[in-house]
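Everything on this sheet refers to the single structure shown next.
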Amino acid sequence: MKKSSKFFAAALAAVLAFSVTGCAGADSSGEASSAAPSAAAPETSAESTAPVTEGDAPSGTLTFLSWQNETVMQPLLNGFKEKYPDVSVDLIYAPPVQDYVEKFQIMYSTGDLPDVFVTAAENKGEVLDNDIAMDISYLPAFEKMSDKNKETYTKDGKIYAFAPDAWIAGIFYNKKILEDNGIAVPTNREEYLASMAALKANGIQPWAFCSTNLYDPIQGYVATETINKNGSYDSQVNNGELTYADGWSEPVSLWAADYLEPGYINQDALGLTGDQVNEMFAFEECAYMIGATWSVATLDELNPDLEYGMLPWFGTEDGVAWMTGATGVGWSINAKAKNMPAAKAFLEYLSSDESLKIFQEQTGGLLAVDGIDFPIHPTIEEGYPYLLEGKFYLPAVEWKYSDALGNEMLIGTQEILTGNITPEQLVENMDKKRTELDAEQ
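In the numbering used here, each residue carries its 1-based index in the sequence shown increased by 3.
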């Protein structure tokens, strides 16, 4: 795939941290999801299976509450207009994340929710629990979509939003530094840890972290050691069956042993910003950094000659590796749409190969739909197979209290470096915070 300047759309940068656009856990078996079509088609309701093209052609006004602005969506609206000239789309734009969620809630509560709207992590529970959206499992494009993206907005075997893309983050590595030090690109945890030790012995700084991403390796270990074995773990914590101690104690211990004790993460990180870390990596002052789909634009601008690749988070079990990441937002049909024929036609068009290719060009996102060629940065291409396999995870979008627990992780990892708490206390504090918040409900 080709390198693309549009890959670095600013819209992607808004979805990291704890205001992400949605994700779902792996299946409960712990097996990797597959991008290949499933043998059996998803269960569908009789209401949703009727082809859009049956009967009279759609006409009239279609209302659409959009997460993306008119500049992004206009080429898709133009394509839809060519196919359905008798339909006029009234696009109502509300910027993510808070403004959109508030707009959605107001329009839903007043009975004015548009025919088509966006479902994201932040309103997913409300949409699925209140039967706000229609089952759209019948769309043919789901047969080519990664299981992870389908599962994100699925309830009781039915899919309620079409989410075509996702983002990933992992370990960026400097190819030249590894090669100059006689280090092969790591393929498992043992080789990865050995590479850091060799770099340090040669006087090379293995890693650069900043004060706000100290816990990223912990998230990686939660994916490889906990979610990989039990995809229902977060749900079980949220309903009280399990605790954070059950699934986070080992990852935090591994983080301390692999990063803190050797000194790869130290108090220097508390004085660094994300921009400074980008500069250190771009100018080859360190071998590794946290990198995401949107990071490549900055790095390429800082150093156009930089040669770097992308690694996943390696698990303790050989062959287990995951990325950090999340499914993008999805388009849903209002179950009580005023113009149902036009709404169905619109989703059919949005999920078509033609539309998805345009959407990717407009947003720079990573499509989770097989068979569509699109430009992708060569560094991100190394991590793309994990996206298609559904091997990406972000705890914050699974947490019942994402803001509070995210803050607990952020401050807690910083306090570990200053010696105020121990790694064990970090996990204890997470469970304590969750218990306190449960009691307030």
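Idealized CB from N, CA, C, for every residue including glycine. All of these numbers come straight from a predicted model, not from anything done at the bench.
Alpha carbon of residue i to alpha carbon of residue j, nearest angstrom
{"i": "Glu248", "j": "Glu431", "result": "As written in the sequence, residue 248 is Ala, which differs from the Glu given in the question. When rounded, the distance between both Cα atoms is 7 Å."}
{"i": "Asn231", "j": "Gly250", "result": "11 Å"}
{"i": "Ala346", "j": "Leu131", "result": "18 Å"}
{"i": "Tyr236", "j": "Thr438", "result": "17 Å"}
{"i": "Glu73", "j": "Gly63", "result": "20 Å"}
{"i": "Asp93", "j": "Asn342", "result": "12 Å"}
{"i": "Glu385", "j": "Pro315", "result": "9 Å"}
{"i": "Ala407", "j": "Pro99", "result": "20 Å"}
{"i": "Pro54", "j": "Phe67", "result": "Only weak support exists for where Pro54 lies, its pLDDT of 49 falling under 50; the coordinates are left without a value."}
{"i": "Gln365", "j": "Phe165", "result": "17 Å"}
{"i": "Trp258", "j": "Tyr291", "result": "16 Å"}
{"i": "Val240", "j": "Val90", "result": "46 Å"}
{"i": "Pro117", "j": "Gly223", "result": "38 Å"}
{"i": "Tyr387", "j": "Ser149", "result": "12 Å"}
{"i": "Asp115", "j": "Lys339", "result": "10 Å"}
{"i": "Ser51", "j": "Met76", "result": "Unreliable positioning characterises Ser51 in this predicted model, as indicated by a pLDDT of 43, which lies under 50. The coordinate reading is nonetheless provided below. Whole-angstrom Cα-Cα distance: 25 Å."}
{"i": "Gly367", "j": "Gly82", "result": "19 Å"}
{"i": "Gln363", "j": "Ala200", "result": "40 Å"}
{"i": "Ala13", "j": "Trp297", "result": "Bear in mind that a pLDDT of 33 at Ala13, under 50, signals an unreliable position, so the model cannot answer this."}
{"i": "Leu245", "j": "Asp138", "result": "31 Å"}
{"i": "Val1", "j": "Met412", "result": "As displayed, the chain neither begins before 4 nor continues past 444, which places residue 1 out of reach and without an answer."}
{"i": "Gly206", "j": "Cys289", "result": "10 Å"}
{"i": "Ala416", "j": "Asp441", "result": "Before going on, a small fix: residue 416 reads as Thr here, not Ala. Straight-line Cα distance between these residues: approximately 23 Å."}
Enclosing alpha helix (DSSP H) for residue i [first to last residue]
{"i": "Val119", "result": "Element bounds for Val119: not the alpha helix (DSSP H) but the beta strand (DSSP E), 119 to 122."}
{"i": "Leu263", "result": "Per DSSP, Leu263 belongs to no alpha helix (DSSP H) and is neither H nor E."}
{"i": "Ser198", "result": "192 to 204"}
{"i": "Ala329", "result": "Where Ala329 is concerned, there is no enclosing alpha helix (DSSP H), although the beta strand (DSSP E) it sits in stretches over 324 to 330."}
{"i": "Phe377", "result": "That residue, Phe377, is in no alpha helix (DSSP H); it is neither H nor E in DSSP."}
{"i": "Ser355", "result": "That residue, Ser355, is in no alpha helix (DSSP H); it is neither H nor E in DSSP."}
{"i": "Asp59", "result": "Premise fails: Asp59 is in no alpha helix (DSSP H) and is neither H nor E."}
{"i": "Ser238", "result": "236 to 241"}
{"i": "Thr301", "result": "298 to 305"}
{"i": "Ile221", "result": "219 to 225"}
{"i": "Thr438", "result": "426 to 443"}
{"i": "Lys341", "result": "Unbroken run through Lys341: none, as it is neither H nor E."}
{"i": "Gln279", "result": "277 to 285"}
{"i": "Glu401", "result": "That residue, Glu401, is in no alpha helix (DSSP H); it is neither H nor E in DSSP."}
Limits of the unbroken beta strand (DSSP E) element including residue i
{"i": "Asp406", "result": "Segment 405 to 421 is the alpha helix (DSSP H) holding Asp406; no beta strand (DSSP E) there."}
{"i": "Leu391", "result": "Per DSSP, Leu391 belongs to no beta strand (DSSP E); it is in the alpha helix (DSSP H), 387 to 391."}
{"i": "Leu94", "result": "90 to 96"}
{"i": "Phe212", "result": "Segment: none, Phe212 is in no beta strand (DSSP E) and carries neither H nor E."}
{"i": "Tyr291", "result": "291 to 295"}
{"i": "Phe311", "result": "The sequence shown places Tyr at residue 311, not Phe. Where Tyr311 is concerned, the enclosing beta strand (DSSP E) stretches over 311 to 314."}
{"i": "Gly318", "result": "From DSSP, Gly318 is part of no beta strand (DSSP E); its letter is neither H nor E."}
{"i": "Ile336", "result": "333 to 336"}
{"i": "Gly63", "result": "63 to 69"}
Nearest neighbour of residue i, chosen from the options [CA to CA]
{"i": "Leu302", "options": "Trp325, Leu273, His380", "result": "His380"}
{"i": "Asp434", "options": "Glu193, Ile293, Lys403", "result": "Lys403"}
{"i": "Asp271", "options": "Ala324, Cys213, Phe284", "result": "Cys213"}
{"i": "Pro398", "options": "Tyr96, Met326, Leu181, Asn191", "result": "Met326"}
{"i": "Asn216", "options": "Lys436, Ala442, Leu370, Leu420", "result": "Leu420"}
{"i": "Ile221", "options": "Asn242, Gly206, Ile207, Ile174", "result": "Ile174"}
{"i": "Glu287", "options": "Ala204, Lys178, Glu304", "result": "Lys178"}
{"i": "Gly128", "options": "Phe107, Phe145, Gly114", "result": "Phe107"}
{"i": "Ala324", "options": "Lys394, Asn306, Glu310, Gly243", "result": "Lys394"}
{"i": "Asp183", "options": "Asp150, Leu202, Leu359", "result": "Leu202"}
{"i": "Ala348", "options": "Gly409, Lys84, Phe377, Thr425", "result": "Lys84"}
{"i": "Gln3", "options": "Gly374, Glu253, Thr229", "result": "With the chain covering 4 to 444 only, the question about residue 3 has no answer from this structure."}
{"i": "Ala211", "options": "Glu282, Met110, Ala187, Asn126", "result": "Glu282"}
{"i": "Thr155", "options": "Gly234, Tyr103, Val188", "result": "Gly234"}
{"i": "Ser125", "options": "Leu369, Thr330, Gly294", "result": "Looking at the sequence shown, residue 125 is not Ser but Glu. The shortest C-alpha separation from Glu125 is found at Thr330."}
{"i": "Glu401", "options": "Ser238, Glu320, Glu194, Val372", "result": "Ser238"}
{"i": "Ile186", "options": "Ser354, Gly277, Ser198", "result": "Ser198"}
{"i": "Asp219", "options": "Asp441, Gly409, Gln444, Ile424", "result": "Gly409"}
{"i": "Glu320", "options": "Ile424, Arg192, Phe120", "result": "Arg192"}
Cβ separation of residue i and residue j, assumed to be a contact under 8 Å, to the nearest whole Å
{"i": "Pro88", "j": "Ile361", "result": "So it is not a contact: roughly 18 Å between Cβ atoms."}
{"i": "Leu196", "j": "Asp261", "result": "6 Å"}
{"i": "Ile336", "j": "Ala136", "result": "6 Å"}
{"i": "Ile180", "j": "Val299", "result": "Contact doesn't hold; Cβ gap of about 18 Å is too wide."}
{"i": "Leu142", "j": "Leu350", "result": "7 Å"}
{"i": "Val332", "j": "Ala97", "result": "No, Val332 and Ala97 are not in contact; Cβ-Cβ is about 12 Å, not under 8 Å."}
{"i": "Ala172", "j": "Gly318", "result": "With 8 Å as the limit, Ala172 and Gly318 do not qualify as a contact, their Cβ atoms being about 17 Å apart."}
{"i": "Tyr176", "j": "Gly322", "result": "About 20 Å separates the two Cβ atoms, so there is no contact after all."}
{"i": "Leu390", "j": "Ala169", "result": "5 Å"}
{"i": "Ser140", "j": "Lys158", "result": "Not really, about 11 Å apart at Cβ, beyond 8 Å."}
{"i": "Asp95", "j": "Ser69", "result": "Residue 95 is actually Ile in this sequence, not Asp. Yes, Ile95 and Ser69 are in contact; Cβ-Cβ is about 7 Å, under 8 Å."}
{"i": "Pro61", "j": "Pro307", "result": "Not quite, the Cβ-Cβ distance comes to about 48 Å (not below 8 Å), so this is no contact."}
{"i": "Ser256", "j": "Pro426", "result": "6 Å"}
{"i": "Ala204", "j": "Ser354", "result": "About 53 Å; that fails the 8 Å criterion."}
{"i": "Lys151", "j": "Tyr352", "result": "Contact doesn't hold; Cβ gap of about 24 Å is too wide."}
{"i": "Lys147", "j": "Gly374", "result": "6 Å"}
Q) Which runs of the beta strand (DSSP E), 3 residues or longer, sit entirely within the segment 100 to 186? A) 119 to 122, 168 to 177
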